[in-house]
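Note sheet for the following structure.
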Amino acid sequence: MTKTSPPSIIALDGPAASGKSTLGRKLADQLGYLFFDTGVMYRAITWIGLQQDMNLRDEAAITELAQQAQIDIRPPSKNDGRACDVIIAEKDVTWDMRGDEVDGNVSIVSAYPGVRKALSEQQRRIGMRGRVVMVGRDIGTVVLPEADLKVYLDASAEERAKRRFNEMIARGDKADYDEILRKVIERDRIDSTRAVAPLRPAEDAVIIDSDKLDVEQVFANVLALCK
Ligand code: DC
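Here the sequence shown is numbered in our numbering, starting from 11 and rising by one per residue.
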């Protein structure tokens, strides 16, 4: 990397609803890079498991599913807020995977070491091509430890629950703040205490606390790091 070229591999990690995806998409657009939200892969496996009525506590079966599943991630075919199309068996499951059932179960699936191995190998292969903004929990620590820039985007659980609540209300959905907060805290607990690749900042990550920053301010901070 020369002094003037932006970092080629950008890892963007942080807890649920910290604004990683919004930031990652803006950054990838600005730099003309691929945006890759790795959470969709864990969601896709969870969604298939639920669809097929599998027991998500059956680690061996879910691991085998992750090793065999064909998850196709394509450029967005619709302008409905999606960052990409997620296609499984020719079905567009982009929004199905964002539902409550997947939200409530994805942490179980993403804690399995074999699932993580299968998915992170695919993520790494894509990331190593460069010119990528990759978003997740363990990108800077495990998937791409050689990333040129690592950002860990943090925010308090209360602030993240408030943002989720506002998004749901804006979409016209029903929302219960206390319930959302409870789920955010529970997902944090599972994601950061799992034995393999727990959620934590890489030692060389730049930590940004977005509690008192809006999207544009966070974006400006990260863009400055790229220059
Ligand atoms: O970012 P998200 O909410 O879509 O992620 C869904 C789940 O997948 C979340 O519980 C954590 C997990 N995940 C992970 O363990 N590692 C990643 N690199 C990305 C997501």
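Note that beta-carbon positions come from the ideal geometry of N, C-alpha and C, so glycine has one too. The structure displayed is predicted, hence computed values, not measured ones.
Inter-residue spacing [alpha-carbon to alpha-carbon] between residue i and residue j
i    : j    : result
R181 : T48  : 24 Å
P17  : P155 : 14 Å
L233 : G140 : 17 Å
I179 : R108 : 16 Å
G146 : T104 : 17 Å
P211 : D148 : 8 Å
L75  : E111 : 18 Å
V206 : V152 : 10 Å
K172 : D198 : 15 Å
A70  : A121 : 13 Å
I217 : D106 : 32 Å
A215 : G150 : 7 Å
Local Cβ density within 10 Å of residue i, reported as buried at 16 or more and exposed below that
i    : result
S220 : buried
K160 : buried
Q133 : buried
I58  : buried
V225 : exposed
S87  : exposed
T203 : exposed
T12  : Low per-residue confidence applies at T12: pLDDT is 48, beneath 50, and the placement is therefore not dependable, though the value from the model is reported in the following sentence. Under this definition T12 is an exposed residue.
L22  : buried
M144 : buried
D188 : exposed
R174 : buried
S15  : exposed
N- and C-terminal bounds of the alpha helix (DSSP H) containing residue i
i    : result
R53  : 49 to 61
A230 : 225 to 236
V194 : 187 to 203
E74  : 69 to 78
E169 : 167 to 180
Residues that DSSP places opposite residue i in a beta bridge
i    : result
F46  : M144
D95  : R84
A212 : In DSSP, A212 forms no bridge with anything.
I218 : L163
Delimiting residues of the beta strand (DSSP E) encompassing residue i
i    : result
I20  : 19 to 23
L163 : 159 to 164
Examine the Cβ distances between the region 79 to 96 and the region 167 to 174 and report whether three or more of them are shorter than 8 Å. Verdict: no, contact absent.
Can we say the region 36 to 52 touches the region 113 to 127, given the rule of at least three CB pairs closer than 8 Å? The region 36 to 52 vs the region 113 to 127: in contact.
Given 8 Å as the limit, is there contact between the region 16 to 31 and the region 191 to 199, that is, 3 or more CB pairs closer than that? Contact between the region 16 to 31 and the region 191 to 199 is present: 3 or more CB-CB pairs across the two stretches fall below 8 Å.
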